[in-house]
Amino acid sequence: MRLSDLPLRQPAYVDIIEWDRLSPSEGQRLREFGLCEGASVEALHHGGLFGRGPIACRVGRMTIAMRRNHAAAIAVRTGPEGGDA
Amino acid sequence: MSALPLVALVGNPNAGKSALFNALTGARQKLGNYPGVTVERKAGRLALADGRPVELVDLPGTYSLDPASPDEQVTRDVVMGRQAGERLPDALVIVVDAANLDNHLRFALELIALGLPTVVALNMVDLATRDGLELDAGVLARELGVPVIPTVAVRKRGLDHLKSELADVIGGAAAPLRAGGESADFDTLRAEARRIARAAIVRETPSRRLTAAVDRVALHPVLGLLLLLGLLFVMFQGVYAWSEAPIAMIEGLAEAASDAVAAALPDGIVRSFLVDGVINGVGSVVVFLPQILILFFFILMLEATGYMVRAAFLMDSLMARVGLSGRAFIPLLSSFACAVPGIMATRTISDPKDRLTTILIAPLMTCSARLPVYAVIIGAFIPARSVGPGIGLQGLVLFGLYVAGIVGALLVALVLRLTVTKGASGGFLMEMPKYQMPRPQDILIGLWQRAVIFLKRAGTIIFASTVILWLLLSFPRAPDAASQVDHSIAGRIAGGLNVVLEPIGFNRDISLALIPAMAAREVAVSALATVYSINAGDDEAKLERSLGERLKDQWPLPTALAFLAWFVFAPQCISTIAVTKRETNGWKWPMFMVFYLFALAYGAAGLTYWTATAAGL
Chain A
19 MRLSDLPLRQ PAYVDIIEWD RLSPSEGQRL REFGLCEGAS VEALHHGGLF
69 GRGPIACRVG RMTIAMRRNH AAAIAVRTGP EGGDA
Chain B
0 MSALPLVALV GNPNAGKSAL FNALTGARQK LGNYPGVTVE RKAGRLALAD
50 GRPVELVDLP GTYSLDPASP DEQVTRDVVM GRQAGERLPD ALVIVVDAAN
100 LDNHLRFALE LIALGLPTVV ALNMVDLATR DGLELDAGVL ARELGVPVIP
150 TVAVRKRGLD HLKSELADVI GGAAAPLRAG GESADFDTLR AEARRIARAA
200 IVRETPSRRL TAAVDRVALH PVLGLLLLLG LLFVMFQGVY AWSEAPIAMI
250 EGLAEAASDA VAAALPDGIV RSFLVDGVIN GVGSVVVFLP QILILFFFIL
300 MLEATGYMVR AAFLMDSLMA RVGLSGRAFI PLLSSFACAV PGIMATRTIS
350 DPKDRLTTIL IAPLMTCSAR LPVYAVIIGA FIPARSVGPG IGLQGLVLFG
400 LYVAGIVGAL LVALVLRLTV TKGASGGFLM EMPKYQMPRP QDILIGLWQR
450 AVIFLKRAGT IIFASTVILW LLLSFPRAPD AASQVDHSIA GRIAGGLNVV
500 LEPIGFNRDI SLALIPAMAA REVAVSALAT VYSINAGDDE AKLERSLGER
550 LKDQWPLPTA LAFLAWFVFA PQCISTIAVT KRETNGWKWP MFMVFYLFAL
600 AYGAAGLTYW TATAAGL
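So the sequence lines, in the order shown, correspond to chains A and B.
For any residue, its number in the numbering used here is found by taking its place in the first sequence, counting from 1, and adding 18.
Residue 61 in the numbering used here sits at position 62 of the second sequence; the count goes up by one each step and never skips.
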């Protein structure tokens, strides 16, 4: 499942990040936000009146906002444990 | 530059760095700029525990030493001793958010590896506790190899301890041990940060987080938008409702000063200079200080509470439609106060085309310098009647002018993104900080700095333009019967300019006011005040009347409306042109901006005038 499709408030962890779908600077910023394979994530809010807006999600202990196309580059697995897969 | 030891405060954004800086230095701060870049340098003085004074500099927040914006580049260059105009710091205070150790420790490790004497401030420990997190600072200190002091900047907790540790590391060690050029790669640092964070966490209990609860409303697609609109409505209402009393007070003072001068001096050129030029001119601008401070109060509050990023989140889908990102909302909202800090705030936008577009439309946000102009014209020409329960016509017109600016900005952005700044949109990636109760002192310091900047402007640019205008209006002296304004140098210049402006309904006096208004928009008001003040001459009855009443006599309604429309797109004040030149590294974009704004302003004023005349107003 993609982070963009993850139901709200369902704990998951990052499986694979397709870095080549992100620009180098976006990739770097996401890394600095603590997004990496194995990180625990949870979608918190969908923005925009018609569901086309950005997604706010928790990554570790941080909350970050990103657009849907970025979230679509992140594959997640649902499950409570983050773990260092 | 002082030769005091330099201590740099550095850390991630949202680590509470600025609050710590304010708590350590108080109101004695010096704002400046790094040479060659427009990044603000914030410095202050601090006495260490042993009494030694040091200079503390607050570096822009960044996530790593791999900069993504000009601000972040300054941080990297300062800590590496490569920033022009700044010496290598004698020590670093690394600020980390206790509740976000995994992330902030990675950057801390990167900084510690630089080998400068370092103290870590484990900040916002109270919020971490609120989140059910208990940390062992001793374990952290042992793992990091530097002193770690738990602090709560907003409550001044841990500051003395921080100052005494800082005294120990400065001058204690000999030359800083440089850890060579090699630094660990990103993943190694992250793994290490994670290991240390886990070791330092004594207990972690899941707890209901306040932020998550508030965000359910604040980020809700419908409720959140209503909340945002409500906040903006209260903000603009507050600008008017709360400013009446202080404005009346300033007006009273100006009047008393005029009377005192008039009583003390004989009628003549000196008295005219002081009353018409200085007191009337500068006073008519200073009177807007309360409104400007109220506007800044709201903007500082929205930023300090952490709400501003939520607003950006809500606005992202709308901004995306005109090819911008939600991030642009923050500089644009600041531009309602003043385009200069607004344009400087675009530095946080990493995509160059997003940033350029945002800079180009920032002046279309109705800045506070336009308020004086709107307020005078609306007060004179729009009847103060109610058009619905609780809705006054004057307020409605003002609201309409703000909306016209916003709609204009969005349309211009759309056109720019399809033409001159064509390209893929940059996207939207932001950290959303936890909500925080702002410390009153932090807000007050921010307001104080804004007030000083405004009064300095009033005392320099606005004062000078008013005085020059008075001179140009007063000389050469007209023969007894002739009008002084017609006869003056300024009157003749304006007469020439009026050939261009007459078709859009502007009279000679407006042309005259527009010239000094390039220095600062609000000067248009003081210029009109000076013109009509000089025109009135010694006629006591005329002098008694307010500027609004005089305008009402002299201008037809379509002219007044055209004047308002002109100011919606008002061509640049010089400070905005200057900051645009600095931020875009050249004259190309500021020239483009001035040209397109002039064209829009001329078109809008013309359309308004012709329509209003045709409608028989």
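C-beta atoms are modelled at their ideal positions from N, C-alpha and C, and glycine is treated no differently.
Would you grab the beta carbon distance between residue i and residue j for me? Rounded to a whole angstrom, and I think it's under 8 Å.
i	j	result
residue 60(B)	residue 131(B)	About 26 Å; that fails the 8 Å criterion.
residue 509(B)	residue 562(B)	6 Å
residue 274(B)	residue 257(B)	5 Å
residue 379(B)	residue 551(B)	5 Å
residue 338(B)	residue 366(B)	5 Å
residue 165(B)	residue 56(B)	Contact doesn't hold; Cβ gap of about 14 Å is too wide.
residue 94(A)	residue 33(A)	6 Å
residue 618(B)	residue 169(B)	The displayed coordinates of chain B run from 0 to 616. Any statement about residue 618(B) would go beyond what the structure contains.
residue 400(B)	residue 567(B)	6 Å
residue 578(B)	residue 343(B)	7 Å
Consider the Cβ of residue i: report whether some Cβ of chain B lies at a distance smaller than 8 Å.
i	result
residue 72(A)	yes
residue 48(A)	yes
residue 62(A)	yes
residue 65(A)	yes
residue 30(A)	no
residue 103(A)	At residue 103(A), the pLDDT of 38 sits below 50, so the modelled position is not reliable; the number obtained from the coordinates is stated separately. Judged by the 8 Å Cβ criterion, residue 103(A) is not in contact with chain B.
residue 7(A)	Residue coverage of chain A in this structure runs from 19 to 103, which leaves residue 7(A) outside it and unanswerable.
residue 20(A)	no
residue 44(A)	yes
residue 95(A)	no
residue 56(A)	no
residue 33(A)	no
residue 79(A)	yes
Where do the N-terminal and C-terminal ends of the alpha helix (DSSP H) with residue i fall, by residue?
i	result
residue 246(B)	243-263
residue 374(B)	370-380
residue 608(B)	587-613
residue 451(B)	439-456
residue 43(A)	42-50
residue 513(B)	507-516
residue 163(B)	158-168
residue 69(B)	69-78
residue 486(B)	483-486
residue 357(B)	351-360
residue 269(B)	268-271
residue 567(B)	556-567
Where DSSP assigns a beta bridge to residue i, which residues make up the other side?
i	result
residue 149(B)	121(B)
residue 64(A)	73(A)
residue 55(B)	6(B) and 43(B)
residue 203(B)	132(B)
residue 430(B)	82(A)
residue 30(A)	59(A) and 96(A)
residue 387(B)	390(B)
residue 20(A)	93(A)
residue 576(B)	In DSSP, residue 576(B) forms no bridge with anything.
residue 35(A)	92(A)
Comparing the C-beta of residue i with each C-beta of chain A, is any distance below 8 Å?
i	result
residue 63(B)	yes
residue 98(B)	yes
residue 179(B)	Any reading at residue 179(B) must be qualified, since the residue scores a pLDDT of 47, below 50, and its modelled position is unreliable; no value is offered.
residue 598(B)	no
residue 67(B)	yes
residue 185(B)	yes
residue 325(B)	yes
residue 430(B)	yes
residue 102(B)	yes
residue 312(B)	yes
residue 197(B)	no
residue 167(B)	no
On the DSSP letters alone, give me the boundaries of the beta strand (DSSP E) that residue i sits inside.
i	result
residue 32(B)	28-32
residue 90(B)	90-96
**Message:** Taking 8 Å as the cut-off, does the region 16-34 of chain B touch the region 465-473 of chain B (at least 3 CB pairs, one atom from each stretch)?
**Reply:** no
**Prompt:** Does the region 72-89 of chain A come close enough to the region 425-432 of chain B that 3 or more CB-CB pairs lie under 8 Å?
**Reply:** yes
**Prompt:** At a cut of 8 Å, does the region 58-67 of chain A reach the region 19-32 of chain A through at least three beta carbon pairs?
**Reply:** yes
**Asked** Do the region 370-379 of chain B and the region 517-537 of chain B touch if we need at least three Cβ pairs shorter than 8 Å?
**Response** Cβ pair count under 8 Å is three or more, so yes.
**Item:** At least 3 beta-carbon pairs within less than 8 Å: the region 495-509 of chain B vs the region 448-458 of chain B
**Value:** no
**Item:** Segment contact, 8 Å Cβ cut-off, at least three pairs: the region 72-87 of chain A with the region 41-52 of chain A
**Value:** These segments touch.
**Three or more C-beta pairs below 8 Å linking the region 286-303 of chain B and the region 482-489 of chain B** = no
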